[in-house]
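Enquirer: Protein sequences appear in the order of chains A and B.
Residue 24 is where the first sequence starts when you use our numbering, and the numbers rise one by one after that.
Residue 207 is where the second sequence starts when you use our numbering, and the numbers rise one by one after that.
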Amino acid sequence: MSIVLERVTKIYGTEQVVRDLSLTIEPGELFVLLGASGSGKSTLLRMIAGLAATDRGRIYLNERDVTHLPPQKRGVGFVFQNYSLFQHLTAAQNIAFGLDVKRTPRREKKQRVQELLELIDLPEHGNRRPAQLSGGQQQRVALARALAPKPDVLLLDEPFGALDVNIRTQLRRKLRQIQQQLGITAILVTHDQEEAFELADRIGVIEQGELLEVGTPVQLYRHPKEAFTANFIGQANWLSAQRNGRCVYVDHVQLPAPENTDHLSGHDVDLLIRPESVVVLPAGYDVLNPLGQGIVEQIEFAGTHERVTVRLENGTRIQAMVSLVDIHEYNIQHQSRVTVGVRDYHLLPCRA
Amino acid sequence: MAEKRATHWTAVLLIVLVVAYAGILLIAPITAIVQQAFVDGFQPMLDSITAPDAQEALRLTAIIALATAAINTVMGILVAWVLVRYRFPGRRFIDGLVDLPFVMSPVIVGYVVIVLFGREGWFAGLSIAFTPRAMLLVTVFVSLPFVVREVMPVLRAMPPEQEEAAYTLGASRLLTFRRIILPTIRPAVIYGLVLTLARALGEFGAAAVAGGGVQGYTENATIYIFRSIHDRNDTGAYSMAILLGVISVVVLLSMNILKQVQSRRSQ
């Protein structure tokens with residue numbers, strides 16, 4: 024089932040919370056809408072479900088125009104952040120709700136409910152009420168409830184937002200497994216880039232109601248087209264540079280130009296360098312693509328790595344992720360004199 | 207809230223105080239009435255309660271109480287729904303107005319009905335004043351807030367996602383109301399219904415003024431008690447008082463039982 028949005032717009036009062044947004048989602052794809060709170064991502068999801076009216080544009084689910092259909096007639100499953108289970112019904116009754124509405128015969132219904140309880144690994148919990156289930160269990164029941172009437176598409180609005188980190192990771196894997204097993208087209212809304220990376224076939228970055236950029240997680244991380252994307256997804260060092268001939272010039276430092284950037288030749292550019300692409304070695308060592316020498320200003324422990332801030336001689340600050348092994352081997356400390364190189368970098372047209 | 211065992215002297219003192227207070231206020235009058243009623247034995251009580259005028263008063267009280275409960279349950283849910291779910295000019299005003307019956311003297315309510323529907327009133331043509339219909343009208347009015355005020359907070363606290371989830375699962379608005387909203391507000395409705403019933407059973411002032419208290423026509427149980435006291439028919443007054451009291455207690459108990467059943471079911 025494909026989902027096609029054609030220039031959809033949502034207006035609240037005088038504010039356009041979703042602007043002229045077009046997007047095509049392929050059948051069987053898990054698409055993640057990534058954006059900060061207030062970016063319009065949840066509104067867009069609610070528009071697809073029919074829970075919010077579409078003011079302009081068209082929405083097609085599997086080539087069927089559903090723009091003005093009520094949610095009942097769209098055939099979408101929706102999972103809410105706060106689970107939203109029916110408190111007075113048991114887990115099994117919750118899952119059966121959509122089947123009851125369709126007047127599914129009793130035996131078929133019972134079988135389907137049991138099937139779904141097993142799918143979400145809660146085969147023995149059918150008689151529990153929501154209040155007797157943990158948050159993670161409730162959200163799994165909510166997922167099963169949404170899947171029960173065999174919807175064409177599955178929409179998830181920050182489904183793991185209210186859960187603990189451990190359970191969140193667990194549930195993400197479960198969701199991905201179920202989604203792939205069923206081959207159902209799904210859109211998940213989140214503000215958590217880690218979640219987006221882990222789940223998405225493709226990510227759409229949304230900001231102020233506009234879809235800035237769409238791509239696979241790797242594309243968006245390594246070759247973002249928009250500075251916003253680069254900053255929103257992961258951490259970034261930005262350096263002003265010029266692209267000329269076959270090279271990129273940062274002040275007087277010359278780096279080879281990345282492939283496919285000829286169109287930027289002769290222009291001012293912004294150089295994006297991810298902290299994990301920065302190499303920090305004691306002064307005097309040779310590094311690939313040296314940026315210059317500097318002093319270590321700060322070292323912060325960041326779990327598997329140390330986050331090292333180096334102040335280059337020209338005053339520029341560069342952040343680097345350096346492995347604990349390297350920190351010890353090269354004895355990098357506060358105030359150490361170091362030389363800085365870059366393993367990988369990316370060019371964006373100058374913002375100004 | 208953790209329950210504490212009373213060990214400190216202040217706790218003991220407070221308990222004694224509460225028990226004494228409840229005893230004086232609640233238990234003493236009930237005992238007094240019961241004792242007085244049985245002075246002449248059981249038979250006179252039975253005789254007075256089965257007398258035609260008493261039967262007629264009871265019948266009127268029952269009809270008005272049940273009708274009021276029915277009307278105010280339906281209308282109470284409706285009013286609560288509209289006040290919580292819709293935004294319209296005057297909503298706050300009406301929201302405030304709902305509590306008017308709580309603060310207004312029932313006698314005034316009854317008088318207003320006479321003024322409106324009496325011979326000189328705006329709606330004189332409806333000839334409602336001094337009829338059982340006027341009594342029903344004022345009883346409905348004085349007990350209006352109960353269901354509304356019980357249901358409103360529950361409706362307000364109900365997350366909209368519950369309904370939205372039902373919609374995406376294919377349920378119509380009506381089905382969603384029946385299967386999702388109604389079960390959620392049911393305990394509040396029952397509680398409001400019981401309060402409405404209790405108020406309607408015991409209504410005196412408004413009913414007496416609006417209905418006129420005509421024996422055998424617009425005389426309900428409480429007006430019957432009032433008349434019996436005046437006529438020095440002590441047995442009649444006591445018997446009716448006990449009967450009404452017992453009915454009220456039964457209503458109260460059934461509400462508590464219902465509440466327990468509900469909470470056990472939702473565990």
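Glycine residues also receive a C-beta, built at the ideal position from the N, C-alpha and C atoms.
Please list, in chain order, all residues of the same chain as P476 (chain B) whose beta carbon is under 8 Å from its beta carbon, the five residues on each side excluded.
Expert: Look at the range of chain B in this structure, 207 to 473, and you will see that residue 476 (chain B) is not part of it.
Enquirer: Applying the 10 Å Cβ sphere with the 16-neighbour rule, what's the burial state of I314 (chain B)?
Expert: exposed
Enquirer: Evaluate R191 (chain A) with the Cβ neighbour count: other Cβ atoms within 10 Å of its Cβ, from every protein chain shown; 16 or more gives buried, anything less gives exposed.
Expert: Around the C-beta of R191 (chain A), 16 or more other C-beta atoms lie within 10 Å, and the residue is accordingly described as buried.
Enquirer: Would H111 (chain A) pass as an interface residue toward chain B - the criterion being a Cβ-Cβ separation below 8 Å?
Expert: yes
Enquirer: Can you pull the DSSP bridge partners for Q342 (chain A)?
Expert: For Q342 (chain A), which the question treats as bridged, DSSP gives the partners A:T332.
Enquirer: Which chain B residues are close to N105 (chain A), counting only those with a beta carbon under 8 Å from its beta carbon?
Expert: Close to N105 (chain A), with beta-carbon spacing below 8 Å, are these residues of chain B in chain order: P365 and E367.
Enquirer: Give the secondary structure of H148 (chain A) by DSSP, where H, G and I count as helix, E and B as strand, and everything else as coil.
Expert: coil
Enquirer: Using C-beta distances below 7 Å, list every residue in its chain close to M207 (chain B), excluding the 5 sequence neighbours before and after it, in chain order.
Expert: Annotation note: pLDDT 48 at M207 (chain B) (below 50); position unreliable, coordinate value reported separately. If we look at M207 (chain B) and ignore the five residues flanking it on each side, it has no Cβ neighbours.
Enquirer: Determine, using beta carbons only, whether M364 (chain B) and T390 (chain B) come nearer to each other than 8 Å.
Expert: Yes, the Cβ-Cβ distance between M364 (chain B) and T390 (chain B) is below 8 Å.
Enquirer: Is there a C-beta anywhere in chain B that falls below 8 Å from the one on V124 (chain A)?
Expert: Yes, contact with chain B.
Enquirer: Terminal residues of the continuous beta strand (DSSP E) containing E359 (chain A)?
Expert: Note that residue 359 (chain A) corresponds to Ser in the displayed sequence, not to Glu. Note, S359 (chain A): premise wrong, no beta strand (DSSP E); not H, not E.
Enquirer: Going by beta carbon distance, what residues of the same chain come within less than 7 Å of Q473 (chain B), once the five residues before and after it are set aside?
Expert: Confidence is the limiting factor: at Q473 (chain B) the pLDDT is only 49, short of 50, which leaves the residue's position unreliable and the question unanswerable from this model.
Enquirer: Under the rule that 16 or more other beta-carbon atoms within 10 Å means buried, what is A335 (chain B), buried or exposed?
Expert: Counting every other CB atom within 10 Å of its CB across the protein chains shown gives A335 (chain B) a total of 16 or more, marking it as buried.
Enquirer: Is any beta-carbon of chain A found at less than 8 Å from that of E171 (chain B)?
Expert: The structure shown does not extend to residue 171 (chain B), since chain B is modelled only from 207 to 473, so the question has no answer here.
Enquirer: Assuming A223 (chain A) and L53 (chain A) make a contact with CB atoms under 8 Å, what is their CB distance in whole Å?
Expert: 6 Å
Enquirer: Since L361 (chain B) meets chain A, which of its residues come closer than 7 Å, beta carbon to beta carbon?
Expert: Within 7 Å Cβ-Cβ: nothing; L361 (chain B) doesn't reach chain A, min ~14 Å.
Enquirer: Among B:V288, B:L399, B:P312 and B:L284, which one has its Cα closest to the Cα of S454 (chain B)?
Expert: B:L399
Enquirer: Output, in chain order, the set of chain A residues within a Cβ distance shorter than 9 Å of L464 (chain B).
Expert: Within 9 Å Cβ-Cβ: nothing; L464 (chain B) doesn't reach chain A, min ~15 Å.
Enquirer: Take D144 (chain A) and list the residues in its own chain whose beta-carbon comes closer than 8 Å to its own, dropping the five residues that flank it on each side.
Expert: Cβ neighbours of D144 (chain A) beyond the five flanking positions: R163 and K197.
Enquirer: How is the alpha helix (DSSP H) around S434 (chain B) delimited, first residue to last?
Expert: A427 to H436
Enquirer: Kindly say whether L142 (chain A), judged by its beta-carbon, lies nearer than 8 Å to any beta-carbon of chain B.
Expert: no
Enquirer: Name the residue from A:T32, A:L156, A:A114 and A:D175 whose alpha carbon lies nearest to the alpha carbon of Q137 (chain A).
Expert: A:A114
Enquirer: Which whole-angstrom value is the C-beta distance of V357 (chain B) and V415 (chain B), which I expect to be below 8 Å?
Expert: No, V357 (chain B) and V415 (chain B) are not in contact; Cβ-Cβ is about 29 Å, not under 8 Å.
Enquirer: Mapping the DSSP letters down to three states, classify M207 (chain B) as helix, strand or coil.
Expert: Confidence is the limiting factor: at M207 (chain B) the pLDDT is only 48, short of 50, which leaves the residue's position unreliable, though a coordinate-based value still follows. M207 (chain B): coil per DSSP, three-state reduction.
Enquirer: What residues are listed by DSSP as bridge partners for L178 (chain A)?
Expert: A:F101 and A:I210
Enquirer: What does P182 (chain A) reach in chain B if we use C-beta pairs closer than 9 Å?
Expert: Residues of chain B passing the Cβ test: none, with the nearest at roughly 12 Å.
Enquirer: May I ask you to list the residues that DSSP assigns as paired with V293 (chain A)?
Expert: It should be noted that the sequence gives Asp, not Val, for residue 293 (chain A). In the DSSP output, where bridge partners are listed per residue, D293 (chain A) has A:S263 and A:L371.
Enquirer: Closest Cβ-Cβ distance between Y373 (chain B) and chain A: below 8 Å?
Expert: yes
Enquirer: Please report how far the alpha carbon of V176 (chain A) lies from the alpha carbon of L347 (chain A), in whole angstroms.
Expert: 45 Å
Enquirer: In the DSSP assignment, what residue or residues form a beta bridge with T47 (chain A)?
Expert: A:V27, per the DSSP bridge assignment.
Enquirer: Can you tell me whether T252 (chain A) is buried or exposed, with buried defined as 16 or more other CB within 10 angstroms of its CB?
Expert: buried
Enquirer: When burial is assigned at 16 or more other CB atoms within 10 Å of the CB, is I355 (chain A) buried or exposed?
Expert: Taking all protein chains shown into account, I355 (chain A) has 16 or more neighbouring C-beta atoms within 10 Å of its C-beta and is therefore buried.
Enquirer: Exposed or buried, what is S378 (chain B) when buried is set at 16 or more other beta-carbons lying within 10 Å of its beta-carbon?
Expert: exposed
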